[in-house]
Each structure stands twice: as structure tokens, then as C-alpha cells.
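S.K.: What follows is a single structure, and I will ask about it in a moment.
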Amino acid sequence: MKPKQDHLFSDSGSQIEPFRFDARVAEVFQDMIERSVPGYRTVVSAIGLLAGELAQPNSRCYDLGCSLGAASVAMAQCIDAQGCEIIAVDNAWPMMGRFGQYLASEPPPVPIRLICADIADINIHNASMVVLNFTLQFIPVAQRLPLLEKIYHGLRLGGALVLSEKIAVADGRQQSLFTELHHVFKRAQGYSELEISRKRAALENVLIPESIPAHMDRLKVAGFSSAEIWFQYFNFISLIALK
Ligand code: GEK
Numbered sequence: 005m006k007p008k009q010d011h012l013f014s015d016s017g018s019q020i021e022p023f024r025f026d027a028r029v030a031e032v033f034q035d036m037i038e039r040s041v042p043g044y045r046t047v048v049s050a051i052g053l054l055a056g057e058l059a060q061p062n063s064r065c066y067d068l069g070c071s072l073g074a075a076s077v078a079m080a081q082c083i084d085a086q087g088c089e090i091i092a093v094d095n096a097w098p099m100m101g102r103f104g105q106y107l108a109s110e111p112p113p114v115p116i117r118l119i120c121a122d123i124a125d126i127n128i129h130n131a132s133m134v135v136l137n138f139t140l141q142f143i144p145v146a147q148r149l150p151l152l153e154k155i156y157h158g159l160r161l162g163g164a165l166v167l168s169e170k171i172a173v174a175d176g177r178q179q180s181l182f183t184e185l186h187h188v189f190k191r192a193q194g195y196s197e198l199e200i201s202r203k204r205a206a207l208e209n210v211l212i213p214e215s216i217p218a219h220m221d222r223l224k225v226a227g228f229s230s231a232e233i234w235f236q237y238f239n240f241i242s243l244i245a246l247k
């Protein structure tokens with residue numbers, strides 16, 4: 005079924021509230037993220053391929069901030085290792101409700117367990133792969149290192165974290181160029197100037213991007229022995245960090 009189109013920021017009359025993952029967002033989320041995050045589909049399908057490589061027998065794969073479950077479903081379709089379980093976590097009930105309905109109608113080839121909770125509050129244990137696909141950017145900066153430390157400790161040796169983020173860059177001219185290029189992408193996806201500027205205002209102080217060096221330094225402090233970027237499209241990246 006074609007996803008419902010996102011027009012949430014097209015009304016110039018309403019007040020701009022800080023962005024929240026509520027029922028209205030959940031209803032249009034698939035269309036919203038595909039038209040807002042350059043390369044989103046590529047990243048999701050690559051997460052499936054990575055899971056095919058990295059998932060170890062009798063281990064867990066975590067999808068933290070799973071939204072409607074795109075990354076979990078991609079992983080489930082590619083994992084061959086026996087005895088794996090996918091744990092999908094999100095603290096937005098409207099997202100989890102929709103993902104649960106989808107799973108009831110399309111049972112996945114690998115079991116997916118849904119947990120509606122803050123990712124700061126869950127245990128991570130016996131993981132061979134953990135995915136933070138555009139989620140860490142919504143976590144308060146001070147909570148990011150404790151979360152990555154918890155992920156590191158919950159991973160098996162040889163396990164991997166896949167971290168996808170919107171990034172900021174230090175050079176002012178490059179930052180302006182990346183921001184403009186992202187807006188060019190959104191315009192090409194059919195978003196109007198009004199929608200782009202209202203969504204940007206709603207995400208101010210909600211989505212906090214950091215630089216690649218800031219991410220790399222934090223991953224090292226958390227214990228990861230190496231991290232490499234495998235994808236970049238304008239100011240959106242995805243990296244693999246190995247334990
Ligand atoms: C995808 N990974 O389609 N605890 C749990 N969930 C959270 C928290 C938190 N503290 N903070 C935010 N979220 C998905 C896309 S979207 C990215 C991820 C975006 C959840 C939030 O409810 C939302 O569903 C998700 O993180 C971020 O592959 O919208 O740009």
C-alpha cells in the first residue's frame with residue numbers, strides 16, 4: 005500500500021510546536037523519512053545486508069528507535085544465522101502500535117520482539133548487532149556516551165553498532181552548503197519552502213547533529229576499537245563501529 009503523504013508542515017496559520025513522534029507523525033512517517041533523509045532507503049536495505057553478515061547464531065540484534073520497523077524488517081529478511089531474535093525498541097506508542105499491526109499481518113522470518121520504552125532504560129545483552137538508525141540525534145547530548153557504553157558492553161566480541169546520523173561540520177561555508185543541499189533534496193522530493201522552514205524550526209533543539217570527529221571520539225571513549233563510515237549523502241552518514 006502507498007504510504008500516506010506528509011503535509012504536516014504545510015499549514016502557515018498554525019503555531020510551530022517542537023517536533024514530537026506523535027500519532028500524526030506516525031501516520032505519515034514512512035513518506036516523511038523517505039522524502040527527508042537522503043539515501044534512507046539505501047541505508048535501510050544495507051542494514052539488512054549487514055545483518056546477514058554480522059548476526060551471530062543464538063544472538064540478538066537490536067533496533068533502537070525503530071519507528072515503524074523498517075530496519076528490523078530489513079534485518080529479519082537477511083539473517084540466516086540460527087536462533088537469532090530482533091529486539092525493536094521505541095518510546096513512541098503510535099509508532100509501536102503501527103509496527104505491531106504490520107507484524108501481525110506480515111509475520112517476519114526471524115522473530116521481532118517489540119519493546120515500548122526509552123532506550124536509556126532497557127538492558128542490552130548478547131547482541132551481535134545494534135542499530136541506531138537516525139535515533140542518537142534525538143537523544144540529549146549528555147546521555148549519548150552512557151548509551152554507547154551500554155551498547156558496547158551488551159555486544160559480543162566481533163559485534164557491531166550501525167550508527168546513522170545527520171551531521172554538522174565545523175567549517176561554516178561547508179555547513180551552509182550542506183544545509184542548502186539538504187533543502188535542495190527536499191524541494192526535489194516535493195516539499196515547499198514553507199514546509200521545509202517550518203519543519204526545520206520544529207526540529208530546532210530536538211534533533212541535535214554533531215560532527216563526525218565528535219561521534220568518532222565518543223565511540224572510542226565508549227570502548228569501540230574501530231569505526232568506519234560506509235555511507236554519506238550530503239550531511240547524512242552511516243558508520244559501522246566494531247567491538
Ligand atoms: C528507521 N530507526 O526508520 N527512546 C526510544 N526511542 C526514541 C527515543 C528514546 N529516548 N528518542 C527518540 N526515539 C528508524 C528511524 S526516527 C528518525 C528513526 C527520524 C525514537 C522516536 O520515537 C523515533 O521513532 C525514532 O527514535 C527516530 O530506520 O525521524 O529522523
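Take any residue in the sequence shown, note its place counting from 1, add 4, and you have its number in our numbering.
Quick reminder that beta carbons are idealized off the backbone N, C-alpha and C, glycines included.
1) Indicate the three-state DSSP secondary structure (helix, strand or coil) for K170 in the structure shown.
2) By DSSP, does D94 sit in helix, in strand, or in coil?
3) In terms of DSSP beta bridges, what is I241 paired with?
4) Which residue from V134, P113, P98, F103 puts its Cα closest to that of I244?
5) Less than 9 Å separating the beta-carbons of E89 and P111?
6) If we ignore side chains and look at the alpha-carbon of each, how far apart do D84 and A59 end up?
7) Quick one: Cα of G104 to Cα of A218, how far?
8) Nearest-angstrom Cα distance between T139 and A172?
9) Could you tell me whether the region 6-13 touches the region 31-41, using the rule of 3 or more Cβ pairs below 8 Å?
10) Run through DSSP, which three-state label would C82 get?
11) Kindly indicate which residue of I233, S63, F13, R177 has the alpha-carbon position closest to the one of L159.
12) Who pairs with C88 in a beta bridge, going by DSSP?
13) So what's I128 in DSSP terms, helix, strand or just coil?
14) Three or more beta-carbon pairs under 8 Å between the region 39-49 and the region 178-191, yes or no?
15) Go through its chain and collect everything with a Cβ distance to R117's Cβ below 8 Å, but skip five positions before and after it.
16) Across which residues does DSSP place E31 in a beta bridge pair?
17) Pick helix, strand or coil for D67, following the three-state DSSP scheme.
18) According to DSSP, simplified to helix, strand and coil, what is S230?
19) Which residue or residues does DSSP assign as beta-bridge partners of L246?
20) Mind checking whether the beta-carbon of G69 lies closer than 8 Å to any heavy atom of the ligand GEK?
21) List the endpoints of the continuous beta strand (DSSP E) containing L118.
22) For D67, does the count of other Cβ atoms within 10 angstroms reach 16, so buried, or fall short, so exposed?
M.R.: On the basis of the coordinates in this document:
1) Your numbering for residue 170 matches position 166 in the sequence shown. K170: strand per DSSP, three-state reduction.
2) Taking the first residue of the sequence shown as position 1, residue 94 is located at position 90. It is a strand residue.
3) In the sequence shown, counting from the first residue as 1, residue 241 sits at position 237. Paired residue(s): E169, Q236.
4) Sequence index remark: in the sequence shown, residue 244 carries index 240 (1-based). Answer by Cα proximity: V134.
5) For the purposes of this step, residue 89 is identified with residue 85 of the sequence shown, where counting begins at 1. For the purposes of this step, residue 111 is identified with residue 107 of the sequence shown, where counting begins at 1. No.
6) The count along the sequence shown starts at 1 and reaches residue 84 at position 80. The count along the sequence shown starts at 1 and reaches residue 59 at position 55. Going from the Cα of D84 to the Cα of A59 covers about 8 Å.
7) Against the sequence shown, residue 104 aligns to sequence position 100. Against the sequence shown, residue 218 aligns to sequence position 214. A straight-line Cα-Cα distance of about 35 Å links G104 and A218.
8) Position 135 of the sequence shown, counted from the first residue, corresponds to residue 139. Position 168 of the sequence shown, counted from the first residue, corresponds to residue 172. C-alpha separation (whole angstroms): 15 Å.
9) Flag = yes, the region 6-13 and the region 31-41 touch.
10) Mapped onto the sequence shown, residue 82 falls at position 78. DSSP places C82 within a helical segment (H, G or I) once states are collapsed to three.
11) Sequence index remark: in the sequence shown, residue 159 carries index 155 (1-based). The candidate whose alpha carbon is nearest that of L159 is S63.
12) The residue given as residue 88 occupies position 84 in the sequence shown. Paired residue(s): none; C88 is not in a bridge.
13) Your numbering for residue 128 matches position 124 in the sequence shown. Looking at I128 - three-state DSSP - the assignment turns out to be coil, as it is neither helix nor strand.
14) A contact between stretches requires three or more CB pairs, one per stretch, nearer than 8 Å, and the region 39-49 meets this requirement with the region 178-191.
15) Against the sequence shown, residue 117 aligns to sequence position 113. Same-chain partners within the cutoff: E89, I90, I91, A92.
16) Against the sequence shown, residue 31 aligns to sequence position 27. Per DSSP, E31 has no beta-bridge partner at all.
17) Reading the sequence shown from its first residue, position 63 is the one you call residue 67. It is a strand residue.
18) The count along the sequence shown starts at 1 and reaches residue 230 at position 226. For S230, the secondary structure class from DSSP, reduced to helix, strand or coil, is strand.
19) Position 242 of the sequence shown holds residue 246. DSSP lists A164, S230 as partners of L246.
20) Along the sequence shown, one-based indexing puts residue 69 at 65. Correct: G69 has its Cβ closer than 8 Å to the ligand GEK.
21) What you label residue 118 is simply residue 114 of the sequence shown in a count that begins at 1. Counting along the chain, the unbroken beta strand (DSSP E) around L118 starts and ends at 116-120.
22) Within the sequence shown, numbered from 1, the residue matching residue 67 stands at position 63. The residue in question, D67, is buried, as its Cβ has 16 or more Cβ neighbours within 10 Å.
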